[in-house]
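2 protein chains.
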Amino acid sequence: MHRRLLALGLLLSLPASAEEGMWTYDAFPSEAVKKAYGFAPTQEWLDKVRLGSVRLAGGCSASFVSPDGLVMTNHHCARGCIEDLSSPKEDLLATGFYAKSPQEERRCPKIEANQLVEMTDVTAKMNAATKGLSGAAFNTALKKEMSTVEAACATSADVRCDVVTLFNGGKYQLYKYRRFQDVRLVFAPEFSMAAFGGDPDNFNFPRYGYDVSFLRVWQGDAPAKSPDYLPWAKEGARPGDLVFVSGHPGGTERKSTVAELEFQRDVALPYTLLYLAELRGTLREFAGGSAERYRITRSRLRAVENGLKALRGRHQALADPSLLARKRQDEADLRKRIEAQAQVKTDTAGVWEENAQALDAYRRMLPGYRMKEAGDGFLSELFGYAETLVRAADELPKPNAERLREYTEGQLPALRQQLLRAAPVATDLEVVQLTFSFNKLRETLGADDPFVQLVLGKEAPADLARALVMGTKLGDVKARQALLEGGKAAVEASKDPMIQLARKVDAEARATRKRYEDTVESVLKRNGERVARANLAVYGTAGYPDATFTLRLNQGVVKGWTEDGHTVDALTTFGGAYARHTGKDPFKLPDSWMKAQGKVPASTPFDMATTNDIIGGNSGSPMVNRDGQVVGLIFDGNLQSLGGRFAYVPETNRAVGVHGDGILAALEHVYGATRVVSELRASQQVAAPSAK
Amino acid sequence: MHRRLLALGLLLSLPASAEEGMWTYDAFPSEAVKKAYGFAPTQEWLDKVRLGSVRLAGGCSASFVSPDGLVMTNHHCARGCIEDLSSPKEDLLATGFYAKSPQEERRCPKIEANQLVEMTDVTAKMNAATKGLSGAAFNTALKKEMSTVEAACATSADVRCDVVTLFNGGKYQLYKYRRFQDVRLVFAPEFSMAAFGGDPDNFNFPRYGYDVSFLRVWQGDAPAKSPDYLPWAKEGARPGDLVFVSGHPGGTERKSTVAELEFQRDVALPYTLLYLAELRGTLREFAGGSAERYRITRSRLRAVENGLKALRGRHQALADPSLLARKRQDEADLRKRIEAQAQVKTDTAGVWEENAQALDAYRRMLPGYRMKEAGDGFLSELFGYAETLVRAADELPKPNAERLREYTEGQLPALRQQLLRAAPVATDLEVVQLTFSFNKLRETLGADDPFVQLVLGKEAPADLARALVMGTKLGDVKARQALLEGGKAAVEASKDPMIQLARKVDAEARATRKRYEDTVESVLKRNGERVARANLAVYGTAGYPDATFTLRLNQGVVKGWTEDGHTVDALTTFGGAYARHTGKDPFKLPDSWMKAQGKVPASTPFDMATTNDIIGGNSGSPMVNRDGQVVGLIFDGNLQSLGGRFAYVPETNRAVGVHGDGILAALEHVYGATRVVSELRASQQVAAPSAK
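Protein chains in written order, with the numbering used here: chain A, 1 to 692; chain B, 1001 to 1692.
The following block contains the structure:
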């Protein structure tokens, strides 16, 4: 629990600020922004920046920064790829990577990049399909209609279509993306520099992370063309400057009901936090055992630590009584207004009672659901392959609209990419994680639970995990391909122990999922829609929708903040990074930086804080100026921004990015990445789109 | 999160039951018990059972079970001793222990046993000392008066005197104990049998733990006499039988205000749970590294896992909305009644507001307090020694009443025993734990925090921890003795790195404690008194006081329960234990039991569930029948009992004990512990005290 977080609540009772909002591109509040900052983007500006924005399907944001498919994102967004391309002999995560020619660029086994080319409203279609329905029937009909609409849109493997949910179901849109599955690694710094300061400095500021990487999308055997790229700014951002962030915030719960937030605080977050905390302890201790263990574990460990810190920040925001007090007040006001409007009152009848019942059921159901179906009992890449193969064998023969969502046609390219990626599996890490999760499974459901008995029998978790990982052939992509192509017959005939485990548990796992979807998800989803419509009806304005990993734009300024009476500056510098070097991990600058000391002026900006309203998923988002030119790269938020999941607090909530000047300076003077520097510098010559 | 816990709340709105209550011996509700069970203890009965009860100062209960100082308690209450007596060559925790003659009994380095011989009301003295005071002044005056009263009472090292707080300060009593510091190990089974089922079965039932050990108190060079011992029952308890439990429940929060409970749910428990969960992951992974690592870690790991599961149960009880709903209702009723009585209203003016303010301060203060002063940042036995030596050097020269509480005369014998115990320190485990806690310290307070900088400087946590543990001489009892006797001059001259660290951090650690005590503790304590008095005033009855690790008696019956529609029987059997054996830890019966299979009839009772209202601290409590004879040994509660911290639910809350018949049968037929068996059988001949 960080002291700084604890001051959050005092400021919550202030009105929404000019910075707040994660706006969809079709509803950007240009007038309000013009009023606040004296500048607003034109439609041309919006189109240009939207097309320059990239979504990494694994959960990050990025941008095109050259006409030849060069993509900028965070190191931590490409970390999986860098790891996949590493081996005990060639540790790219430790050394960094730079492709001196296009031929040296290496293909990332599992990265998919998307460019949003079209948005179509499909709310009417969805509403028509679910009209008059509730519970499981509502849910089934909605998912079926989504799959149908997506399948009709996705006419080739180069196109990805997702029906996206906005305003908790108040609005549905069909997002059509250009899909790139051949994504190659161009440049990455050392992990120790990307994550300088490690977990202690994560979500901290002042900060000195060079969390930068460059990828390139390819088509056929050549770099893809990307005419709608974002040019590099000639002048970097300075304190007070207006900056826009275009990216994919993963999820917020700002419109959630109080009961849903209390559920997060009391049930869901404690469950997940405790799982992650124990896993973190396990992985840290394991990784400390040898250099090779460290190599195979560090990326996973970093992800677990990041998740833990982020969720802890969320929990602390909810544990601050003032946040929920404000939410209760807002909800009371909404309900009072609903009471006063007969039609709205009818439309929302029973919402709060039904939600309370669904959440009470969820409280009892959550451990079983998480363990059996949501992965917590089977923490293993190899088991993931097995489960996917077993389910694909059952699902793919079904008509598209009747499949589980993740096996519908629209999802297949990504699913095939994940399944057939040529990335090594770290078996020792698999054993540790699977042992951990089998132990948690038994502990959570009890040794006498029939599902636990089904999985473990009389085996000890560690023995079973080792036997499964060592016995399975699913680490070999050919084995997976054979089972995918062989379908149900091949899966049923398989003697692979991991496949057999996945088959054995599938019925109960599916049943658990169905219970959850029918009893909880469908109720909360439908009522989310109803509350969203009520909000619109009584307040007359929609505002911005909760984040759903869809493309959003927002505005803010480069700005520090004040806490505990001392001021945190908006910018850090190269000089500051050298001053923070202790020689001990995680405060150890890599050799490349030690050698380059003095080559970059100490006053050159390194990282920066801005008031932009962002959240996890925004990692890798471009920060652009009024001219739509890149001035930085989002990679984090401060500790106070973690409560942004529920409410934006303008006084202290800060986005954290690598400064554009710093990015270029290090590429040039630390890494000598001249090919990348030239591509970026070339774009500095490009004319900016005109502003209003 | 265990499913079974989740059903807890539904039953909470029922009235207090016949079983509920942890009664002090001077206020046992004999009439109500007589009404419910047709039997009530006489004063003679009460005196006899009280004097037969033993308190283990480290946090457990026990009983005298022979006239020659034989003490029965749980294996887990003697585990620290068994571990202290073990070495890589002689692993008593693994093999168990049996002293075939008095000479073979081995002295436990740190166990202190107490027998409650006198209780005196000192409420008036305490009230007089704090009259008109509040905040820090209240706290200081109260502690000073306690120390003064205790010092006047403790006339020799064989006497221990504690002023104990009852009814949250509504009542104070002086408890005078006969103190035994020479406690020896007589018998212990294998750890694997004491904790059969391990963490998965902990707080579970049906259960097959043989969590039993026997100690003996010595005086001079002979076993001490214990004329007031509890005789062994000729016939064991059967379902439906009335049983009394006499022991030392550690702490409950049944009288806490709603705000205090919410603080537990939202702040204190999440903090501690996350700390323990990560520590558990660390220790498990560390222990798995080698047999020697396992040996030095298992006991500590078990304690951490037990704490984690217990606190998690507490958190889940508070996360169930129905529990707090009932508490809110109770508090609303109390406040309504207070409003109606002018004097009580005046006496409680500001209570809730002051508490809210104190808790808000505590929320901000808790991480720093826990890290700097309450041990979380310095998880190390060796650091503990250093801190004690540094503080003793400052405190002991002061007048008794002005010292920190733990350095007052009354506490010194125990403090000296802890400090000068001849027990080995496991240095590898020390390094792991100290590394862990330095990492948590930095993570929790931030890398830039002055206290963190003071501790770590530019060092990495792991390097610093290793240097301290390897560099200190405090593992040697002679080094500690020299520093204790040398006082301030010796401590200041010491070059020992652990002493130097403890000196360096002492000022800020003390300041943190003072801030906590002045701002939080004193407010909550004083207001706890005020609410307790208000309760008495408006309801006219005191009920029973919250548990405070003082001796309590309560009544219940041997009884199973029903959950999810299936019935859990009250007794398990030897046959059931063999059926649960899988051959894999933690469900592996030790060789002694495998060899003895068939020697004890399969139907012999093993463990049992009863409705007694107990909580942590009651471990090792004797279970006695109407005749005051031993019929079992408390060692646990079921999962549902964990919510008993806040409310007792008669339908499902169960105490778990080893059955008296099972204790004897295994001693005789599995372990051949004939000397212990003879002592117990001899007492079966003793006449019972008469009943009313």
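Just so you know, even glycine gets a beta-carbon here, dropped at the ideal spot from N, CA and C. As the structure is a prediction and not an experimental result, all values here were calculated from the model.
The stretch 1050-1061 of chain B makes contact with the stretch 1104-1114 of chain B, as at least three CB pairs between them are under 8 Å. For chain B, the residues of the stretch 455-473 of chain A that bring a beta carbon within less than 8 Å of one of its beta carbons are Lys458, Glu459, Ala460, Ala462, Asp463, in chain order. Around the C-beta of A:Met470, fewer than 16 other C-beta atoms lie within 10 Å, and the residue is accordingly described as exposed. Straight across, the Cα-Cα distance linking A:Tyr516 with A:Met365 is about 7 Å.
Residue burial is scored here from C-beta neighbours: A:His566 has fewer than 16 other C-beta atoms within 10 angstroms and is therefore classed as exposed.
For A:Glu443, the neighbours in chain B by C-beta distance under 7 Å run, in chain order, Asp1199, Pro1200. For B:Gly1247, the pairing in a beta bridge is given by DSSP as B:Arg1552. The Cβ atoms of A:Phe635 and A:Asn204 do not sit closer than 7 Å to each other.
For B:Glu1190, same chain residues with a beta-carbon under 6 Å away, outside a window of 5 residues either side, are Gly1096, Pro1590 in chain order. In the DSSP assignment, B:Met1594 is bridged to no other residue. Here B:Lys1584 carries a coil assignment [DSSP, helix/strand/coil]. Residues of the stretch 1582-1595 of chain B with a C-beta atom less than 8 Å from some C-beta of chain A are Thr1582, Gly1583, Lys1584, Asp1585, Phe1587, listed in chain order. Proximity of B:Gly1281 to chain A, defined by a Cβ-Cβ separation below 7 Å, is satisfied. In this structure, A:Leu468 and A:Leu434 form a Cβ contact; the two beta carbons are roughly 7 Å apart against a cut-off of 8 Å.
Identification of chain A residues near B:His1315 by a Cβ-Cβ cut-off of 8 Å yields Pro270, ordered along the chain.
DSSP, reduced to helix, strand and coil, places B:Asp1047 within a helical segment of the structure shown. Under the Cβ criterion of 7 Å, A:Leu484 is not counted among the residues facing chain B. Burial state of B:Ala1194 is buried, judged by a 10 Å Cβ sphere holding 16 or more other Cβ atoms. Not one beta carbon of chain B lies nearer than 7 Å to the beta carbon of A:Glu354.
The continuous alpha helix (DSSP H) containing A:Ile663 extends over residues 660-669. For A:Met365, the uninterrupted alpha helix (DSSP H) segment begins and ends at 351-372. Interface flag for A:Glu260 against chain B is unset, since no Cβ pair is found closer than 7 Å. Here the alpha carbons of B:Lys1225 and B:Asp1496 stand approximately 44 Å from one another. Remark: three or more beta-carbon pairs, one from each stretch, lie closer than 8 Å, so the stretch 1245-1259 of chain B and the stretch 1345-1358 of chain B are flagged as touching. Taking B:Ala1490 as the centre and dropping the five residues before and after it, the same chain places the C-beta of Leu1483 closer than 6 Å to its C-beta, in chain order. The DSSP-derived three-state label of B:Tyr1175 is strand.
Counting along the chain, the unbroken beta strand (DSSP E) around B:Val1117 starts and ends at 1113-1121. Taking the Cβ atoms as the reference, A:Asp266 lies roughly 4 Å from B:Ala1319, within the contact range of under 8 Å.
Comparing alpha-carbon positions, the option among B:Gly1069, B:Thr1674, B:Val1163 lying closest to B:Gly1410 turns out to be B:Val1163. Nearest Cα to B:Leu1441 within the set B:Leu1382, B:Arg1370, B:Val1538, B:Gly1540: B:Arg1370. Looking at the backbone, the Cα of A:Asp47 and that of A:Val523 are separated by about 37 Å. At a cut-off of 7 Å between beta-carbon atoms, A:Asp333 makes no contact with chain B. The DSSP-derived three-state label of B:Cys1081 is helix. Taking the beta carbon of B:Leu1273 as reference, the chain A residues within 9 Å of it are Pro270, Leu273, Leu274, Ala277, listed in sequence order.
Shown here for B:Lys1234: same chain residues with a beta carbon closer than 6 Å to its own, the five before and five after excluded, namely Gln1684 in chain order. Between A:Glu508 and A:Phe451, the beta carbon gap of about 5 Å places them in contact (Cβ cut-off 8 Å).
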